Amino acid sequence: MLNAYYQDGNRLVATEGLTDPAGRRPVWIDLLSPTTDEDHAVEQLLGISVPSHAEMQEIEVSSRLYSEGGANFMTITNVTRLDTNEPVKTPLTFILKNGTLVTVRFIDPRSFQIYSAQCQRPNGTASQDGEYVMLGLIETIVDRTADALEQIAAAVDGISHDVFRNRAEAESKARDLQGVIEHIGRQGDALSMIQEGLVTIRRAVAYHNATTSEADKRPRETRQRIRLIERDTASLAEHAGSMSNKISFLLDATLGLINLEQNQIIKIFSVAAVVLLPPTLVASVYGMNFHYMPELSLPFGYPMALGMMVLAAVLPYLYFKRRKWL
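The working numbering numbers the first residue of the sequence shown as 854 and each following residue consecutively.
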């Protein structure tokens, strides 16, 4: 799908395709899972080579941030579906040339829908050229990332309460530690995607700031927006790092609790085996088939044997309780 956005007063107007009756140059060309014909149309209009999906997935910095044919190519990792249990990371490429922005993507993230609606409203988001649009899109992505981090932080706090609840709560409600580990894993997976996305955004903004010609002549507002994006991504990356450490701590603590519960079960079986060993020994002795056994002819021999077995079981139990092994 190809959508072109043209300047119309103080807002952008979207059209399907590159045909504009007024003959205006598009400010923003958005390619969503483009076809070969759509790629060629953009390439002929701007004199650039639109990267393929496979090229956008390259992890080398030189393949993600480069200049070619007078255009700057910047590819970031965008994380989508953060409000679900299955977040997805996908490459997103920004191409800036002569005031026109081209975005190439293969998933429709919520951030694009939000910004597209804002820039098409009268008196909405300022979008006089491609650089403004790119910075606005990145700001929207950063805002969505901050919201996702807040959700993860709330989820991590809930996990911490489940793991470290007091003894009364733990006894009143059995803890599903396996479910806790799965929950921790999902939050850690989403957090690692967000951290990767923030790193790529910081690199792209820094590259854009360093390579754009006549950077010192940018409007003051643009320079402030770039500095704000850099500051926001740095603070979010630091916050994500602290949450990553907390998640690692919770994972270790949960595994430790599982080991403690397993040790408790093994201890109970061990104590039970020790408690039952003396009665088993008494029963084994009197279960032997020797003809001359003095107690066999006693009238109280059977009650005596039962009493010995009970006593042999009770004494180890009381000893263990006194030593606080139970």
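Note that the Cβ used here is the ideal one computed from N, Cα and C, for glycine as well. Every value quoted in this text rests on a predicted model; they were computed, and no experiment measured them.
Task: 3 or more residues per run - each beta strand (DSSP E) lying fully within the region 1098-1155 - done: none
TODO: Tell me whether the beta-carbon of Ile882 lies closer than 8 angstroms to the beta-carbon of Val955.
DONE: yes
TODO: Answer yes if the region 854-865 comes into contact with the region 926-936, meaning at least three C-beta pairs across the two stretches below 8 angstroms, and no otherwise.
DONE: no
- [ ] Using 10 angstroms around the beta-carbon of Lys950, count the other beta-carbons present and answer buried if the total reaches 16, otherwise exposed.
- [x] buried
Open item on the list: Which residue marks the beginning of the alpha helix (DSSP H) containing Leu945, and which one marks its end?
Closed with: Not the alpha helix (DSSP H): Leu945 falls in the beta strand (DSSP E), residues Val941 to Lys950.
TODO: Measure the alpha-carbon distance for Ser1150 versus Met1161 and round it to whole angstroms.
DONE: 17 angstroms
Task: Secondary structure of Glu869, DSSP reduced to three states - done: strand
Task: For Gly1154 and Glu1148, believed in contact at Cβ under 8 angstroms, the rounded distance - done: 4 angstroms
Open item on the list: I'd like to check one pair, Arg1055 with Ala1087: are the Cβ atoms closer than 8 angstroms?
Closed with: yes
- [ ] Please go through the same chain and pick out, in chain order, the residues whose beta-carbon is closer than 7 angstroms to the beta-carbon of Gly983, but skip the five residues on each side of it.
- [x] Val880, Trp881, Leu949, Gly952, Thr953 and Leu954
Task: Opening and closing residue of the beta strand (DSSP E) in which Leu935 lies - done: No beta strand (DSSP E) contains Leu935, which DSSP labels as neither H nor E.
Task: For Ile882, the three-state DSSP class (helix, strand or coil) - done: strand
Task: Simplified DSSP assignment, three categories, for Arg877 - done: coil
- [ ] Could you spell out where the beta strand (DSSP E) holding Asn856 opens and where it closes?
- [x] Leu855 to Asp861
Open item on the list: Looking at the strands, I want to know which residues DSSP matches up with Val955.
Closed with: Ile882 and Ile948
- [ ] Return yes when the Cβ of Ala1090 is within less than 8 angstroms of the Cβ of Arg1052, no when it is not.
- [x] What sits at residue 1052 in the sequence shown is Val, not Arg. In this structure, Ala1090 lies closer than 8 angstroms to Val1052 by Cβ.
- [ ] Go ahead and label Arg917 buried or exposed: buried means 16 or more other beta carbons lie within 10 angstroms of its beta carbon, across all protein chains shown.
- [x] buried
- [ ] Could you check if Ser969 is buried or exposed, using at least 16 other CB atoms within 10 Å of its CB as the buried criterion?
- [x] buried
TODO: Return the CA-CA distance between Ala1006 and Glu921, expressed in angstroms with no decimal places.
DONE: 41 angstroms
TODO: For Thr825, name the three-state secondary structure that DSSP assigns.
DONE: In the structure as shown, the chain begins at 854 and stops at 1179. Residue 825 is therefore absent and cannot be evaluated.
Task: Residue burial classification, Ile1079 (beta-carbon count within 10 angstroms, cutoff 16) - done: buried
- [ ] Could you tell me if Tyr1156 is buried or exposed, where buried requires 16 or more neighbouring beta carbons within 10 angstroms of its beta carbon?
- [x] Looking at the sequence shown, residue 1156 is not Tyr but Pro. That one is exposed.
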